[in-house]
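Protein chains in written order, with the numbering used here: chain A, 219 to 350; chain G, 1198 to 1559.
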């Protein structure tokens, strides 16, 4: 059973979004996603300053088995990629909602309101429908 | 729903993630794939390889038949129980499959071929066996466990009676013997010591449980793939197939062109390739930059040409990415690999990468 924290927003493609006090957001992949991928061995995060469109492939997570794209949940400018994941990709497996965050974004004007994000309850329904 | 081995329900009970592999529902991992990999390099693990196809061959001319069927020469098998790795080629020298042949007694040999090639292999073997009066029997009644790792032989021997254990532990590398009810061989696909054990289907679940209780880890096909790649062992369908020949697949060592009068299938084509020189070869790659090499990524060799990765992964033992790649014959020691549009640097090495738990990289 996957962990789906109630205080986060989600995408159908298994990213999570956390609103930070300064108006920026933190983005990662869900517990369900990390479990489906298996042991992560390589993570590529975007560099600060890069401008992302909503739905743009912006990071790569690779397990022993396969590489998967991570998509920007909303439009914005990257303020930070998680620097620790280069040496410790396994942090995404161990703490997908904590130390394993992938990037922080400053949302483009209106982007947060325009983003197609799911509540925890609705994301749980997506997982139930996938049989996971 | 694919075919299931006698261990299918046990895999489910153990929480394995099951995937389709060559038409079979097989466990890819039970927990952490990397954890299973390390268990085999450091202690012992057990794999269900019952999906592989065991074929018994019998007849007065079975040796002559195998000398015709296989690119390696079963005349190298001097004592009963000895095993030989070989390719089975078509007339063009393309690889129909790779297999292990066991010499059991005069007039009785056993083949173990890949799961995904079972039907075409059986059809090919039966077609050529007729001329030699050889009886071909698929042994779908057998299960097969691979117990691998530095502690594997000692642990597996604990499943056996005193006499059987002594016989199994006395086996040399790449040799097998008949036990009271099982056929056991000191072979494997991991680069570690260990056994592969063929047994009646009903013995498989109790044997697996006993191995688990002795501390042998359940391991899936995921770990099997990273272990075999580190060990420099080819995977049929990835690293070679009917469109490639042994000389461009790192398998020249398995072709016996001597004696010249042995007329095996594909010999004529291979002799032409040897005379002309193979334009491509299979090499090992170690990624110098960060990233993960994967099959079908393009390899660029400056001033020489292009090639392609046939198998690639992250090596848990070396903690970097490794691969096999088919490249132009003139490739030197440095290449570049296109990973998502970026050219990353890789070093050309001679496989294996890891043997008996130790890195062979210099």
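Each residue gets a CB set at the ideal place from its N, CA and C atoms; glycine is no exception.
Could you tell me the distance, in whole angstroms, from the CA atom of residue i to the CA atom of residue j?
| i | j | result |
| --- | --- | --- |
| residue 1523 of chain G | residue 1240 of chain G | 33 Å |
| residue 1388 of chain G | residue 1299 of chain G | 19 Å |
| residue 1426 of chain G | residue 1338 of chain G | 30 Å |
| residue 353 of chain A | residue 341 of chain A | There is simply no residue 353 of chain A to check, as chain A begins at 219 and stops at 350 in what is shown. |
| residue 1224 of chain G | residue 1341 of chain G | 14 Å |
| residue 1520 of chain G | residue 1506 of chain G | 7 Å |
| residue 328 of chain A | residue 292 of chain A | 10 Å |
| residue 1400 of chain G | residue 347 of chain A | 39 Å |
| residue 1356 of chain G | residue 1558 of chain G | 36 Å |
| residue 312 of chain A | residue 1493 of chain G | 31 Å |
| residue 1277 of chain G | residue 1302 of chain G | 5 Å |
| residue 326 of chain A | residue 241 of chain A | 11 Å |
| residue 285 of chain A | residue 1326 of chain G | 45 Å |
| residue 1158 of chain G | residue 1371 of chain G | Past the edges of chain G, shown from 1198 to 1559, lies residue 1158 of chain G, and the structure says nothing about it. |
| residue 1429 of chain G | residue 1550 of chain G | 6 Å |
| residue 275 of chain A | residue 287 of chain A | 6 Å |
| residue 254 of chain A | residue 1498 of chain G | 36 Å |
| residue 1292 of chain G | residue 1439 of chain G | 5 Å |
| residue 282 of chain A | residue 1457 of chain G | 45 Å |
| residue 1392 of chain G | residue 1271 of chain G | 21 Å |
| residue 1354 of chain G | residue 1199 of chain G | 33 Å |
| residue 1407 of chain G | residue 1352 of chain G | 10 Å |
| residue 1205 of chain G | residue 1233 of chain G | 19 Å |
| residue 1368 of chain G | residue 1384 of chain G | 10 Å |
| residue 1411 of chain G | residue 349 of chain A | 35 Å |
| residue 1347 of chain G | residue 1485 of chain G | 29 Å |
| residue 343 of chain A | residue 221 of chain A | 13 Å |
| residue 1552 of chain G | residue 1390 of chain G | 10 Å |
| residue 1415 of chain G | residue 315 of chain A | 30 Å |
I think residue i touches residue j, with their Cβ atoms under 8 Å apart; what is that distance to the nearest whole Å?
| i | j | result |
| --- | --- | --- |
| residue 1236 of chain G | residue 1226 of chain G | Wrong, their Cβ atoms sit about 12 Å apart, outside the cutoff. |
| residue 1536 of chain G | residue 1488 of chain G | 5 Å |
| residue 1307 of chain G | residue 1246 of chain G | Not quite, the Cβ-Cβ distance comes to about 14 Å (not below 8 Å), so this is no contact. |
| residue 271 of chain A | residue 298 of chain A | In fact, because the Cβ distance is near 19 Å, the residues do not count as touching under 8 Å. |
| residue 1441 of chain G | residue 1480 of chain G | With 8 Å as the limit, residue 1441 of chain G and residue 1480 of chain G do not qualify as a contact, their Cβ atoms being about 14 Å apart. |
| residue 266 of chain A | residue 235 of chain A | Wrong, their Cβ atoms sit about 18 Å apart, outside the cutoff. |
| residue 1267 of chain G | residue 1285 of chain G | 6 Å |
| residue 1530 of chain G | residue 1544 of chain G | 6 Å |
| residue 1448 of chain G | residue 1437 of chain G | 7 Å |
| residue 1243 of chain G | residue 1343 of chain G | 7 Å |
| residue 1540 of chain G | residue 1509 of chain G | About 15 Å separates the two Cβ atoms, so there is no contact after all. |
| residue 1417 of chain G | residue 1230 of chain G | 7 Å |
By Cβ distance below 8 Å, which residues in the same chain neighbour residue i in space, the five residues on each side in sequence not counted?
| i | result |
| --- | --- |
| residue 310 of chain A | 246, 247, 252, 258, 261, 279, 303, 318, 320 |
| residue 1477 of chain G | 1445, 1504, 1523, 1524, 1525, 1526 |
| residue 1312 of chain G | 1218, 1219, 1220, 1221, 1248, 1249, 1250 |
| residue 1323 of chain G | 1333 |
| residue 277 of chain A | 261, 262, 263, 264, 287, 288, 299, 320, 321 |
Kindly list the residues whose CB is nearer than 6 Å to the CB of residue i, restricted to its own chain and excluding five residues on each side of it in sequence; keep chain order.
| i | result |
| --- | --- |
| residue 1314 of chain G | 1294 |
| residue 1455 of chain G | none |
| residue 1297 of chain G | 1280, 1282, 1309 |
| residue 1265 of chain G | 1461 |
| residue 1548 of chain G | 1429, 1481 |
| residue 1502 of chain G | 1525 |
| residue 322 of chain A | 242, 244, 297, 298 |
| residue 1305 of chain G | 1255 |
Residues of chain D with a CB under 8 Å from the CB of residue i: which are they?
| i | result |
| --- | --- |
| residue 1419 of chain G | Chain labels in this structure do not include chain D; the protein chains are A and G. |
If you drop the 5 nearest sequence neighbours on each side, which residues of the same chain put their C-beta closer than 7 Å to that of residue i?
| i | result |
| --- | --- |
| residue 1207 of chain G | 1402, 1405 |
| residue 1290 of chain G | 1442, 1463, 1466, 1467, 1470 |
| residue 273 of chain A | 289, 290 |
| residue 1450 of chain G | none |
| residue 1395 of chain G | 1251, 1339, 1341, 1379, 1380 |
| residue 1335 of chain G | 1250, 1252, 1319 |
Say yes only if the C-beta of residue i is nearer than 7 Å to one or more non-hydrogen atoms of the ligand NAD, and no if none qualify.
| i | result |
| --- | --- |
| residue 1493 of chain G | Ligands displayed in this structure: none; no statement on the ligand NAD is therefore possible. |
Item to complete: Check distances from the C-beta atoms of the segment 1339 to 1370 of chain G to those of chain A and list, in chain order, the residues that come in under 9 Å.
Response: Residues passing the 9 Å Cβ filter: none.
Item to complete: Pair every Cβ in the segment 222 to 230 of chain A with every Cβ in the segment 324 to 344 of chain A, then say whether three or more of these pairs are closer than 8 Å.
Response: Verdict: yes, contact present.
Worksheet item: Name the residues in the segment 253 to 265 of chain A whose C-beta lies less than 7 Å from a C-beta of chain G; which are they?
Response: Those would be 256, 257, 259, 260, in chain order.
Item to complete: Could you run through the segment 1477 to 1505 of chain G and flag, in chain order, every residue whose CB is less than 8 Å away from some CB of chain A?
Response: Against chain A - using a Cβ distance shorter than 8 Å - the residues of the segment 1477 to 1505 of chain G are 1487, 1488, 1489, 1491.
Discussion item. Does the contact criterion of 3 or more C-beta pairs under 8 Å hold for the segment 1252 to 1265 of chain G versus the segment 1349 to 1369 of chain G?
Written reply: The segment 1252 to 1265 of chain G vs the segment 1349 to 1369 of chain G: no contact.
Worksheet item: When you check each C-beta in the segment 1224 to 1241 of chain G against every C-beta of chain A, which residues fall closer than 7 Å?
Response: Against chain A - using a Cβ distance shorter than 7 Å - the residues of the segment 1224 to 1241 of chain G are 1226, 1229, 1230, 1231.
Practice prompt. Could you run through the segment 1505 to 1532 of chain G and flag, in chain order, every residue whose CB is less than 7 Å away from some CB of chain A?
Written response: Those residues of the segment 1505 to 1532 of chain G that come within reach of chain A (Cβ to Cβ, closer than 7 Å) are 1510, 1511.
Worksheet entry | Residues from the segment 1411 to 1436 of chain G in contact with chain A, defined by Cβ distance under 8 Å | Residues passing the 8 Å Cβ filter: 1419, 1423.
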